[in-house]
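Number of protein chains: 2
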Amino acid sequence: MSKLVIVGTVAFDAIETPFGKTDKILGGAATYIGLSASNFNVDAAAVSVVGGDFPQEYLDLLTNRGVNIDGIEIIKEGKTFFWSGKYHNDMNSRDTLATELNVLEHFNPVVPGDYKDADIVMLGNLHPSVQQSVLDQMTTKPKLAILDTMNFWMDIALDDLKSVIKNVDVITINDEEARQLSGEYSLVVAARKIHEMGPKYVVIKKGEHGALLFHNDEVFYAPALPLEEVFDPTGAGDTFAGGFAGYLASTGDTSFENMKNAVIYGSTLASFCVEKFGTERMLNLTDKEVYKRLQAFKNLTQFDIKLT
Amino acid sequence: MSKLVIVGTVAFDAIETPFGKTDKILGGAATYIGLSASNFNVDAAAVSVVGGDFPQEYLDLLTNRGVNIDGIEIIKEGKTFFWSGKYHNDMNSRDTLATELNVLEHFNPVVPGDYKDADIVMLGNLHPSVQQSVLDQMTTKPKLAILDTMNFWMDIALDDLKSVIKNVDVITINDEEARQLSGEYSLVVAARKIHEMGPKYVVIKKGEHGALLFHNDEVFYAPALPLEEVFDPTGAGDTFAGGFAGYLASTGDTSFENMKNAVIYGSTLASFCVEKFGTERMLNLTDKEVYKRLQAFKNLTQFDIKLT
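Protein sequences appear in the order of chains A and B. 200 is the number that my numbering gives to position 200 of the first sequence; each next residue is one higher, with no gaps. In my numbering, each residue carries its 1-based index in the second sequence increased by 308.
Structure follows, in structure tokens:
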């Protein structure tokens with residue numbers, strides 16, 4: 001079975017949307033990525049850090065979905081990373097109400113020995129030097145290194161970010177971040193400039209407008225499934241990345257053609273994530289539900305114009 | 309050959325974009341719709357009105373592409389409708405600098421006798437009562453009536469608009485207009501409410517984010533081709549509508565499955581329209597170019613996940 005290493009936050013989130021609000025619930029990039037990747041036949045391990053306040057039952061949720069947690073350090077005297085945000089009515093923008101780094105401030109990720117030869121490394125959104133230190137721990141070059149990041153690191157650690165971007169095969173960012181990173185408005189031109197920074201594949205996430213996959217002069221566009229209601233967008237991008245990485249790891253095929261399928265799987269899983277608060281919808285997702293939604297994605301996008 | 313009646317403006321446009329500006333050039337909804345539909349094997353006729361200032365050579369451009377202009381009235385002592393607009397840097401918003409209705413103010417469309425039994429009627433953006441009067445002139449019920457409109461008519465003639473909407477099979481509007489017309493933010497819910505107003509098919513245009521086709525509980529999503537540069541978005545929506553209507557007319561098949569193909573053709577033709585100022589790109593478009601871009605659309609959207 002292919003091995004997938006995931007580094008990212010495991011955290012408490014408190015979320016407010018027009019549909020309601022939560023207390024501190026399970027969140028974090030590595031959590032969403034792991035839960036999403038767990039829908040595939042893959043040996044996934046999360047590398048992260050939590051405080052002594054983090055409930056064992058949350059860790060059990062990951063273990064129950066088959067995500068190895070040996071790489072999640074528990075700092076007993078520390079407090080878990082906490083993020084709180086509020087979504088506006090259109091769900092496309094949000095205010096961050098609180099960010100308490102806590103144990104994340106001095107996070108030194110340690111990849112468990114068994115996973116230093118992982119096939120795929122998924123670097124969730126974190127300080128770029130932390131992402132780099134995970135790559136540095138790999139004893140064999142992974143078949144594919146995927147990096148997710150955000151505008152925050154472009155603002156405060158651009159050099160470190162550019163340095164780690166050079167070393168990855170795939171980058172996943174949203175449209176505004178692609179524009180900021182490249183200085184280009186056109187996403188086609190932005191993707192080309194980001195290619196030149198290192199990654200052979202550039203995935204640009206456009207939320208409700210879907211996701212674009214660029215590779216050389218080729219492009220693939222996966223729409224998002226139009227939903228009656230987006231309940232809580234938190235974690236959708238990480239769930240996308242987890243589905244993308246999990247599918248590629250499970251198939252062992254990192255060709256551009258198979259990456260198109262991976263984008264569709266990522267979009268499919270993200271469409272579930274937003275249906276309930278936090279990780280709720282992802283915790284009991286069944287293969288049958290995923291299968292049915294893939295069928296919906298086919299109906300949504302496939303057409304029959306014969307070109308001879 | 310199937311007959312297609314197109315009603316809409318034939319006009320002068322003056323356009324300013326970040327790439328330059330034009331004097332008065334050929335524009336108007338019926339112009340773009342007609343030029344786009346002319347890429348199909350269809351007998352298309354434009355119904356419109358111009359003033360004595362309108363150059364014969366502009367009318368010849370339509371005739372040369374095979375668009376019948378018997379229904380374009382020329383009011384010698386009148387002036388042609390004029391619109392002027394300026395696009396912002398992101399190309400997604402524009403300011404209207406001038407709107408001179410001129411001969412359009414008292415426009416009484418007259419469908420030529422030969423076209424009163426047309427298979428498809430495409431009602432371009434105009435006062436809804438003018439659109440209705442075209443429907444009223446048809447001696448046989450068209451196989452498909454398609455209506456395009458805009459927020460302006462929702463603001464000043466909502467009752468007339470709702471009345472004509474009841475009588476059409478397909479409505480094409482953009483996302484913001486769908487929200488305004490339905491009072492719903494979610495496009496899925498908006499489409500359902502617009503269904504209930506009459507049209508069995510609802511097409512929601514999202515510009516660079518593509519177009520959605522809704523029918524009962526089914527939905528199809530055609531992305532827009534990611535372009536390096538959008539030179540001038542003027543007419544893209546009408547070109548989409550013209551490709552949609554022209555393809556349906558030429559195939560004689562108005563099923564939902566074939567409408568998916570029509571949306572792809574519409575998107576394909578619109579992707580050419582924005583490459584140059586005004587109608588320039590559409591005037592000398594070849595079948596070969598269209599074919600190549602359809603192939604690009606296939607590569608853009610088609611994937612190969614086997615679902616058994």
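Glycine residues also receive a C-beta, built at the ideal position from the N, C-alpha and C atoms.
| Check | Outcome |
| --- | --- |
| Quick check on Asp-155(A): buried or exposed, where buried means 16 or more other Cβ atoms within 10 Å of its Cβ? | exposed |
| If Leu-35(A) sits next to Thr-279(A), beta carbons under 8 Å apart, how far is it from one beta carbon to the other, in whole angstroms? | 6 Å |
| For Tyr-395(B), decide whether its Cβ has a neighbour in chain A, counting only Cβ atoms nearer than 9 Å. | no |
| Can you list, in chain order, the residues of the stretch 182–197 of chain A whose Cβ is nearer than 8 Å to any Cβ on chain B? | Tyr-185, Ser-186, Leu-187, Val-188 and Val-189 |
| Would you kindly report the start and end of the unbroken alpha helix (DSSP H) that includes Arg-500(B)? | 495–504 |
| Does the structure place the stretch 492–501 of chain B close enough to the stretch 517–531 of chain B that three or more beta carbon pairs sit under 8 Å? | yes |
| Restricting to Cα atoms, I'd like to know which of Met-430(B), Gly-374(B), Leu-452(B) and Ser-356(B) is closest to Thr-562(B). | Leu-452(B) |
| Which value, in whole angstroms, describes the spacing of the CA atoms of Lys-92(A) and Leu-227(A)? | It should be pointed out that residue 92(A) corresponds to Asn in this sequence rather than to Lys. Using only the alpha carbons, I get a separation of about 14 Å. |
| Could you tell me the alpha carbon to alpha carbon distance between Pro-531(B) and Asn-102(A), rounded to whole angstroms? | 42 Å |
| Is it buried or exposed, Ala-352(B), if we count other Cβ atoms within 10 angstroms and call 16 or more buried? | buried |
| Met-282(A) lies in the alpha helix (DSSP H); which residues open and close that run? | 280–283 |
| Can you tell me which of the three DSSP states Asp-456(B) falls into? | strand |
| Applying a beta-carbon distance threshold of less than 9 Å, which residues of chain A neighbour Glu-597(B)? | By Cβ distance, chain A contributes nothing, its closest Cβ being about 14 Å from Glu-597(B), past 9 Å. |
| Identify the contact partners of Glu-176(A) in chain B, using a Cβ-Cβ distance below 9 Å as the criterion. | The contacting residues do not exist; Glu-176(A) stays about 12 Å from chain B at best. |
| Quick one: measure Cβ to Cβ for Gln-610(B) and Gln-302(A), integer angstroms, because I've assumed they're closer than 8 Å. | 6 Å |
| Nearest to Ile-6(A) by CA position, among Glu-100(A), Asp-117(A), Gly-51(A) and Glu-184(A), is which residue? | Asp-117(A) |
| Please list the partners that Asn-607(B) has in chain A, where partner means a Cβ-to-Cβ separation under 9 Å. | Glu-218, Val-219 and Phe-220 |
| I'd like to know whether the C-beta atoms of Ala-322(B) and Thr-339(B) end up nearer to each other than 9 Å. | no |
| Below 8 Å, can you find three or more Cβ-Cβ pairs linking the stretch 7–26 of chain A to the stretch 230–241 of chain A? | yes |
| Hey, out of Asn-459(B), Met-458(B) and Thr-388(B), whose CA is closest to Gln-364(B)'s CA? | Thr-388(B) |
| Alpha carbon to alpha carbon, what distance is there between Tyr-599(B) and Glu-264(B)? | Here chain B comprises residues numbered 309 to 616, so residue 264(B) is not present and cannot be evaluated. |
| Indicate whether Thr-547(B) and Gly-515(B) have their beta-carbon atoms separated by less than 9 Å. | no |
| Determine the contact status of Thr-317(B) and Gly-432(B), defining contact as a CB-CB distance below 9 Å. | yes |
| Can you find a CB in chain B that lies within less than 9 Å of the CB of Gly-210(A)? | yes |
| For Gly-51(A) and Ile-75(A), which I take to be in contact (beta-carbon distance under 8 Å), what is that distance rounded to the nearest angstrom? | 6 Å |
| Just checking my contact of Asp-468(B) with Ser-437(B) at CB under 8 Å: how many whole Å lie between their CB atoms? | 5 Å |
| Listing by chain order, which chain A residues have their CB less than 8 Å from the CB of Leu-615(B)? | Tyr-291, Leu-294, Gln-295 and Lys-298 |
| For Phe-244(A) and chain B, any beta-carbon pair shorter than 9 Å? | no |
| Cβ closer than 8 Å: which chain A residues qualify as neighbours of Ile-572(B)? | Phe-303 and Ile-305 |
| Name, please, each residue of chain B whose Cβ falls closer than 9 Å to the Cβ of Glu-105(A). | Going along chain B, no residue has its Cβ under 9 Å from Glu-105(A), so there is no contact; the nearest lies around 38 Å. |
| Roughly how many whole angstroms lie between the Cα atoms of Tyr-87(A) and Glu-597(B)? | 44 Å |
| Please classify Glu-537(B): is it buried, with 16 or more other beta-carbons within 10 angstroms of its beta-carbon, or exposed? | exposed |
| Where Leu-147(A) and Met-567(B) are concerned, what is the direct C-alpha to C-alpha distance, given to the nearest angstrom? | 39 Å |
| Looking at Leu-556(B) and Ala-570(B), is the spacing between their C-beta atoms short of 9 Å? | yes |
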